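Asker: What follows is a structure written as structure tokens; I'll ask about it next.
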Amino acid sequence: MIRQRAKYNIGQVVRHRRHPFRGVVFDVDPEFNNTEEWYQAIPEDSRPAKKQPFYHLLAENEQSFYVAYVSEQNLIADYSGEPVEHPDVPDLFGAFHDGSYELHFQYN
1 MIRQRAKYNI GQVVRHRRHP FRGVVFDVDP EFNNTEEWYQ AIPEDSRPAK
51 KQPFYHLLAE NEQSFYVAYV SEQNLIADYS GEPVEHPDVP DLFGAFHDGS
101 YELHFQYN
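When the letters of the sequence shown are read in order and numbered with full-length UniProt numbering, they come out as residues 1 to 108.
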């Protein structure tokens, strides 16, 4: 089995291709690893392929902060140079520079 390498890194700021939100990557699944119920709730015409990296984001839009789970095909790098204002960012990350955050700790 060939595994696709993740395009985005932990600590990198990304944005959704079609929806108005952005976030910082805090974990990556090599392929879909959520419930079938979650997957089926996505409209069929926009449902992403399961065999690709999926990213856990500390996300924000103009109204709120939340955690998002997004397929690689639906993300693009954010080059705004603006930090993510999600209130949990300081719990996981250190300084922000050049579009990425430094990790406070290492994952296993």
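Note that beta-carbon positions come from the ideal geometry of N, C-alpha and C, so glycine has one too. Predicted model, so just to flag it, every value in this text is computed and none were measured.
(1) Please report the residue range of the beta strand (DSSP E) in which D27 lies.
(2) How is Q63 classed by DSSP in three states: helix, strand or coil?
(3) Using a threshold of 8 Å, state whether the C-beta atoms of Q40 and E72 are closer than that.
(4) Would you mind sorting H86 into buried or exposed? The rule is 16 or more other CB atoms within 10 Å of its CB.
(5) Indicate the three-state DSSP secondary structure (helix, strand or coil) for M1 in the structure shown.
(6) Spatial neighbours of N61 within its chain, please: CB distance less than 7 Å, with the 5 preceding and 5 following residues excluded, ordered by chain position.
(7) Report, in whole angstroms, the separation of the C-beta atoms of V14 and L57, which I expect to be a contact under 8 Å.
Answerer: The relevant details are as follows:
(1) From DSSP, the beta strand (DSSP E) with D27 extends over 22 to 29.
(2) Per DSSP, reduced to three states, the secondary structure at Q63 is coil, with no helix or strand assignment.
(3) If you check the CB distance, Q40 and E72 do not come in under 8 Å.
(4) Buried, by the Cβ-count rule.
(5) Reliability fails at M1, whose pLDDT of 46 lies under 50, so the model's placement of it is uncertain and no value is given.
(6) Taking C-beta separations shorter than 7 Å and ignoring five residues to either side along the sequence, the partners of N61 in its chain run P20, F21, following chain order.
(7) With a contact defined as Cβ atoms closer than 8 Å, V14 and L57 qualify at about 7 Å.
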